[in-house]
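Structure first, then comments.
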């Protein structure tokens, strides 16, 4: 897996998300996602913020939020979603499918993970059934170091997450089975709609 491979996957993921967003009805842009408190428009505002905001401006926003990244991200997403139309948000994504942004310390693989996770927040939240291509999903899972898993703070004690579509598992204990992309969302602390997970402990991660 080379840097070029990852960058191609990032471009493909953003392009496919832009094509999907272009098909949404106005009411779907205002529908809730798996990101608590965020509609589709807030999620897109968040994922496109790095393309629209300079590093200096981001540092100013971070200072306003008392150095708390999640607070800054929430404030900026809500502000930008309120002042930008869905067409403007879509254009911000489509015009930047090859943007070289990397999250601090995350590299190109971190950018891919960021896009995939938030794309799933939208599609799973809306019940659209989009499947991430297996090779792209495998890249994201390969980048899940222990520190990445710990970042989300999800209690995975006593369970094994076992993918039904890829040769991948995480943890030890009672099996929780599902698509690799759904198990990624579990790691990220999302509560999934019913029917996505199987196993005795599946209810722990189902809303």
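In our numbering, the protein residues as written are 11 to 217.
Built from N, CA and C at the ideal position, the CB exists for glycine as well.
Since this is a predicted model, take the numbers as computed values, not measurements.
Under the three-state DSSP convention, the category residue i falls into
i, result
"residue 107", "coil"
"residue 181", "strand"
"residue 202", "strand"
"residue 208", "strand"
"residue 66", "helix"
"residue 188", "strand"
"residue 49", "strand"
"residue 216", "strand"
"residue 144", "helix"
"residue 164", "coil"
"residue 33", "coil"
"residue 114", "coil"
"residue 12", "coil"
"residue 75", "coil"
"residue 155", "coil"
"residue 139", "coil"
"residue 99", "helix"
"residue 195", "helix"
"residue 176", "coil"
Opening and closing residue of the beta strand (DSSP E) in which residue i lies
i, result
"residue 172", "169-173"
Assigned exposure category for residue i - 16 Cβ within 10 Å defines buried
i, result
"residue 121", "buried"
"residue 172", "buried"
"residue 43", "buried"
"residue 193", "buried"
"residue 105", "exposed"
"residue 11", "exposed"
Residue range of the alpha helix (DSSP H) that includes residue i
i, result
"residue 79", "79-93"
Opposing strand residues paired with residue i [DSSP bridges]
i, result
"residue 42", "49"
Chain B within 8 Å of residue i, Cβ atoms only
i, result
"residue 61", "Although the question refers to chain B, the structure presented lacks it and comprises just one protein chain."
Worksheet item: With a cut-off of 8 Å, do at least 3 Cβ pairs link the region 58-66 to the region 98-105?
Response: yes
Worksheet item: Hey, is the region 138-148 in contact with the region 172-191, meaning 3+ C-beta pairs nearer than 8 Å?
Response: For the pair of segments examined, the region 138-148 was found to touch the region 172-191: the number of CB pairs separated by less than 8 Å reaches three.
Item to complete: For the region 34-53 and the region 131-142, state whether three or more C-beta atom pairs, one from each stretch, are separated by less than 8 Å.
Response: yes
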